[in-house]
Amino acid sequence: MKNTVSIVTFIFFSQIGMMNAQKTIPLYQGKAPGSENWNWQEKEMFSETFQTQMVYNVSQPTLTVYEPNKALANGTAVIVCPGGGFHTLSINSEGIDVAKWLNSKGTTAFVLKYRLVKSETDDPVKELFPIFENRKKLDSINAAVVPLAIADGLAAIQYVRDHSNEFNIQKNRIGIIGFSAGGTVALGTVFNSTASNRPDFAAPIYAYTGALKSMVVPADAPPIFIAAASDDQLGLAPNSVKTYSDWLAAGKSAELHIYSKGGHGFGMRKLDLPVESWIERFGDWLELQGLLWPEHPTVLSTHFKTQKAFKQYLKEREDNLHNDWAFLKRYELENKNLSVPKPNENRVVFLGNSIFENWKVIDSAWFAEKKYLDRGISGQTTGQTLVRFKQDVINLKPALVVINGGTNDIAENTGPYVFENTLNNIISMVELAKANNIRVILTSVLPAYDFAWKPGLEPVEKIIQLNNRIKEYASKNKIVYLDYYSPLLDEKKGLKKEFTNDGVHPTLAGYKVMEPLTVKAIEYALKIK
37 MKNTVSIVTF
47 IFFSQIGMMN
57 AQKTIPLYQG
67 KAPGSENWNW
77 QEKEMFSETF
87 QTQMVYNVSQ
97 PTLTVYEPNK
107 ALANGTAVIV
117 CPGGGFHTLS
127 INSEGIDVAK
137 WLNSKGTTAF
147 VLKYRLVKSE
157 TDDPVKELFP
167 IFENRKKLDS
177 INAAVVPLAI
187 ADGLAAIQYV
197 RDHSNEFNIQ
207 KNRIGIIGFS
217 AGGTVALGTV
227 FNSTASNRPD
237 FAAPIYAYTG
247 ALKSMVVPAD
257 APPIFIAAAS
267 DDQLGLAPNS
277 VKTYSDWLAA
287 GKSAELHIYS
297 KGGHGFGMRK
307 LDLPVESWIE
317 RFGDWLELQG
327 LLWPEHPTVL
337 STHFKTQKAF
347 KQYLKEREDN
357 LHNDWAFLKR
367 YELENKNLSV
377 PKPNENRVVF
387 LGNSIFENWK
397 VIDSAWFAEK
407 KYLDRGISGQ
417 TTGQTLVRFK
427 QDVINLKPAL
437 VVINGGTNDI
447 AENTGPYVFE
457 NTLNNIISMV
467 ELAKANNIRV
477 ILTSVLPAYD
487 FAWKPGLEPV
497 EKIIQLNNRI
507 KEYASKNKIV
517 YLDYYSPLLD
527 EKKGLKKEFT
537 NDGVHPTLAG
547 YKVMEPLTVK
557 AIEYALKIK
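Quick note on numbering: the sequence shown equals residues 37 to 565 in the working numbering.
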């Protein structure tokens, strides 16, 4: 179980699966200004030339929304502008794939379909390809559309800013990223914006700047991130270098990455080249700008006051996974300083994951009053808990151990979930306890409709199955079974909203439901002959 901090921690270890786009929003009511007489329909095709999906004939601009899991949302938004020479949009590697990556960082993404030159056939790539060799001719063909596309970019920024509350976005954290012609659009919004539709940051990626009428860096120019490849087949790398130089000359913040190989249009493609890392460098840059950390942290702020402290925490966890897989050192000092139980002292140890680790933090007064020992570790699977059972339970000589585990197994924190393995790990802990005259309470896994750090695993039925088997095993072996699941359950078989901030971990209100149940179970277990 991840604690409220560790929801984000596992982004560090595995990329989060994304949700489908929530909705598509028309940018204008009625016909788009400047193209009122356009009557052609938007189409999509698979390009054999580029081996990707292409959108063309866009006459009614739209934004397609991709939202991150709410537990991870940081309040930052990015408008994504795919490229395609103003004739097509490379909708996947320069659009949707970028949006999903941004979601994995807690950022809301809006894929923009801006207005394009009308294609005369159903193979716009074939139409466009020969013209690339004649830049003047291409600029002439595109001249009427470029200002409209830039206007769409500005309208997109305005829309997101006007509807920021609806998407839980901060009005001052709305940026734009564009590729090739989309980079033209992204830069065009910077050069043509007013205070209300100005992007707060921009990222032109192998952008073409020849179609821009003016490139005077404005006094309020935002920070900019630029990436391109030296072997760009269209020779656009110098465009990126000049943009970077212009920003520096104007005294504005800029970062430039030029890769020796990657060609034009690398986007999110898999090329087995260093250029693939550009998106991670973009993430580093966003983090440096403070855009991947919530402006007003809530869940995380109770544990970490700064992003620097949180990054140090992530580093320590990563080191531990390599050097101390079961986190045996986590309670080493506390265990060493713990005295031997007094005669007739019924020492109780809570062993598990973040459900227990959080509990001591969120309601420390209750733990102190009851004199319970908390040995929960965030993110642990039952295999990890089993490894440390001797030092964190047996060696403490308790009268009773309360065991909670299974959620992180189902979440596949340390590998694929195998039901029998998880159950056997729990049984092994029980057998170790019994061999050392320690009484046991087995708790249910708490309900969860989804896992914020790894969405899409559909844990509901897996949790039900595991709980049923734990309960069955407890009954057959005369072990107290503590049911946290039922009183916290909502109609979707998840954790009730009034008891959680992230759908997995209880708040103080949730723990207040669990506490009397726990006390009653402990009192009963200690009385059993």
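Ideal Cβ placement from N, Cα and C applies to all residues, glycine included.
Predicted, not measured: the structure shown is a model, and the values here were computed from it.
Query, Result
"With a cut-off of 8 Å on the beta carbons, I'd call Ile413 and Val466 a contact; round off their distance for me.", "Not really, about 19 Å apart at Cβ, beyond 8 Å."
"By how many angstroms is the C-alpha of Glu84 removed from the C-alpha of Asp159?", "10 Å"
"For a test of the three-state rule: what should DSSP assign to Asp355, helix, strand or coil?", "helix"
"Between Lys426, Pro483 and Lys365, which lies nearest to Val540 when the distance is taken from Cα to Cα?", "Pro483"
"Scan the stretch 211-238 and note each continuous alpha helix (DSSP H) run of 4 residues or more that stays entirely inside, going in chain order.", "217-228"
"To the nearest angstrom, report how far apart Glu362 and Ile564 are at their CA atoms.", "It is Ala, not Glu, that sits at residue 362 in the sequence shown. Approximately 32 Å between the Cα atoms of the pair."
"Mark Gly189 as exposed unless 16 or more other C-beta atoms lie within 10 angstroms of its C-beta, in which case mark it buried.", "buried"
"Among residues of its own chain, excluding the 5 on either side of Gln420, which ones have a beta-carbon nearer than 6 Å to its beta-carbon?", "Ala362"
"What's the C-alpha gap between Thr417 and Asp355?", "17 Å"
"From which residue to which residue does the beta strand (DSSP E) around Thr144 run?", "Thr144 to Lys149"
"Quick one, are the C-beta atoms of Ile210 and Ile186 less than 8 Å apart?", "no"
"Hey, out of Lys498, Asn128 and Ser522, whose CA is closest to Phe455's CA?", "Lys498"
"Pick helix, strand or coil for Phe302, following the three-state DSSP scheme.", "coil"
"Could you check whether the stretch 236-248 touches the stretch 268-278, counting it as contact only if at least three pairs of C-beta atoms, one from each stretch, sit closer than 8 Å?", "yes"
"By alpha-carbon positions, which one of Leu125, Tyr547, Tyr102 and Ser126 ends up nearest to Ser390?", "Tyr547"
"Can you have a look at His199 and say buried or exposed, based on whether 16 or more other CB atoms are within 10 angstroms of its CB?", "exposed"
"Less than 6 Å between C-beta atoms, sequence neighbours within five positions excluded: which residues of the same chain meet that for Leu459?", "Arg505"
"When we look at the beta-carbon of Lys406 and count the other beta-carbons within 10 Å, is it buried (16 or more) or exposed?", "exposed"
"Using a Cβ-Cβ cutoff of less than 7 Å, which residues in the same chain neighbour Asn178 once the five nearest sequence positions on both sides are dropped?", "Phe122, Val153 and Ala247"
"Contact check, Val114 vs Ile212 under 8 Å by CB: the rounded distance?", "7 Å"
"Quick check: Tyr280 and Val221, are their CB atoms within less than 8 Å of each other?", "no"
"In three-state terms, what does DSSP make of Ile186?", "helix"
"Residue ranges of each alpha helix (DSSP H) run of no fewer than 4 residues wholly in the stretch 498-563, ordered along the chain?", "521-524 and 544-563"
"Taking the straight line between their C-alpha atoms, what separation do you get for Ala263 and Phe203?", "28 Å"
"Which ranges would you report for the beta strand (DSSP E) in the stretch 412-459 if only whole runs of at least 3 residues count?", "436-439"
"Could you tell me which whole alpha helix (DSSP H) segments of length 4 or greater appear in the stretch 247-328?", "273-285 and 314-324"
"What does DSSP give as the partner residue(s) for Met81 in the beta ladder?", "Met90"
"Looking at C-alpha atoms only, which residue of Asn201, Leu422 and Val429 is the closest neighbour of Leu409?", "Val429"
"May I ask you to report which of helix, strand or coil DSSP gives Lys59?", "strand"
"Taking the Cβ atom as the reference point for each residue, do Leu553 and Leu518 lie within a distance shorter than 8 Å?", "yes"
"Is the Cβ-Cβ distance between Arg366 and Pro434 less than 8 Å?", "no"
"What are the boundary residues of the beta strand (DSSP E) that Arg475 is part of?", "Arg475 to Thr479"
"Run through DSSP, which three-state label would Pro240 get?", "strand"
"So Leu374 and Leu432 are in contact, right, with Cβ under 8 Å, and what is the actual spacing, rounded?", "6 Å"
"Do the CB positions of Ala191 and Tyr64 come within less than 8 Å of each other?", "yes"
"Give the straight-line distance between the Cα atoms of Arg234 and Pro166, rounded to the nearest whole angstrom.", "35 Å"
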